[in-house]
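One structure below.
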Amino acid sequence: MKKNFLLFIVLFAFCSIKAQAQSETDANSYQKNNEIKLNIISPLLDAFEIGYERFLNKNSSLGISAFKVYEHSSNDDMNYYVSPYYRYYFGKKYASGFFAEGFGMFTSIDGKKIYSADKITFTEGKDVYDLALGAGFGWKLVTKKGLVFEANAAYGKLVFNAGKTDHDQVIKLGLSVGYRF
């Protein structure tokens, strides 16, 4: 009788450990560490933006996004930017929900337009390369299949060459769709 009871206890413990390991595996099945996404607002600005994000843990990640304006576009100021960022997530699920971010941005912007004396014609200044620093916030939804939906907004200031352009600030807006793998 003692042997049967001991065997029952060992079998019960083994099944409990196996069930717990299985539930942890199921819970972590969509907690992948990489994500790629496209900004669906950027084509409205005659541009293209793609982003990559790597998750460090449940609450934080590092990422980079690249934005490029089409050659003959109506957007006459920004040429391109590359923007690395750090995000901190406040949601209960793995790297999702509300987040705050800090970013840097290497950017190419058209220089100041120099108007002639008649104030009608102007000549373009040279492209200005600069670094911007800023912060932003957003919200991310991740499905169990790995689809990602994200909305974000960020604001920053040019650091070195703001006087050589028509503005001294940058704004990042995004409504992105992506995949977590």
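Counted the way mature numbering (1 follows the signal peptide of the UniProt record, and there is no 0) counts, the sequence shown spans residues -21 to -1, 1 to 160. Note that CB positions come from ideal geometry on N, CA and C, so glycine has one too.
- Boundaries of the beta strand (DSSP E) harbouring A111: 107 to 121, taken from the DSSP string.
- By the 16-neighbour rule on beta-carbons within 10 angstroms, T122 is exposed.
- Ranked by how close their Cα comes to the Cα of F128, the residues N58, L152, S75 have S75 in first place.
- Rounded to the nearest angstrom, the gap between the Cα atoms of L110 and F82 is 11 Å.
- For Q10, there is no enclosing beta strand (DSSP E), as DSSP gives it neither H nor E.
- Distance from R159 to N13 at the Cβ level is roughly 7 Å; contact confirmed, criterion being Cβ atoms closer than 8 Å.
- Within 10 angstroms of the beta-carbon of E50 lie fewer than 16 other beta-carbons, which makes it exposed.
- Taking C-beta atoms as the reference points, K71 and G115 fail to come closer than 8 Å.
- Between the alpha carbons of I88 and A130 lies a gap of roughly 25 Å.
- DSSP lists N18, E129 as the beta-bridge partner residues of S155.
- Burial state of L137 is buried, judged by a 10 Å Cβ sphere holding 16 or more other Cβ atoms.
- Of the other Cβ atoms in all chains shown, 16 or more fall within 10 Å of the Cβ of Y60; this residue is therefore buried.
- With respect to the 8 Å criterion, N58 and D106 are classified as neighbours on the basis of their beta carbons.
- Taking C-alpha positions only, G125 is separated from Y31 by approximately 14 Å.
- Straight through space, the alpha carbons of F34 and G113 are spaced by roughly 21 Å.
- Beta-bridge partners assigned by DSSP to G30: K16, S44.
- In the three-state scheme derived from DSSP, where H, G and I count as helix and E and B as strand, L35 is classed as coil.
- Within the same chain, Y73 come within 7 Å of Q10 by CB-CB distance, once the 5 residues on both sides are set aside.
- Between M84 and N36, the alpha-carbon positions lie close to 24 Å from each other.
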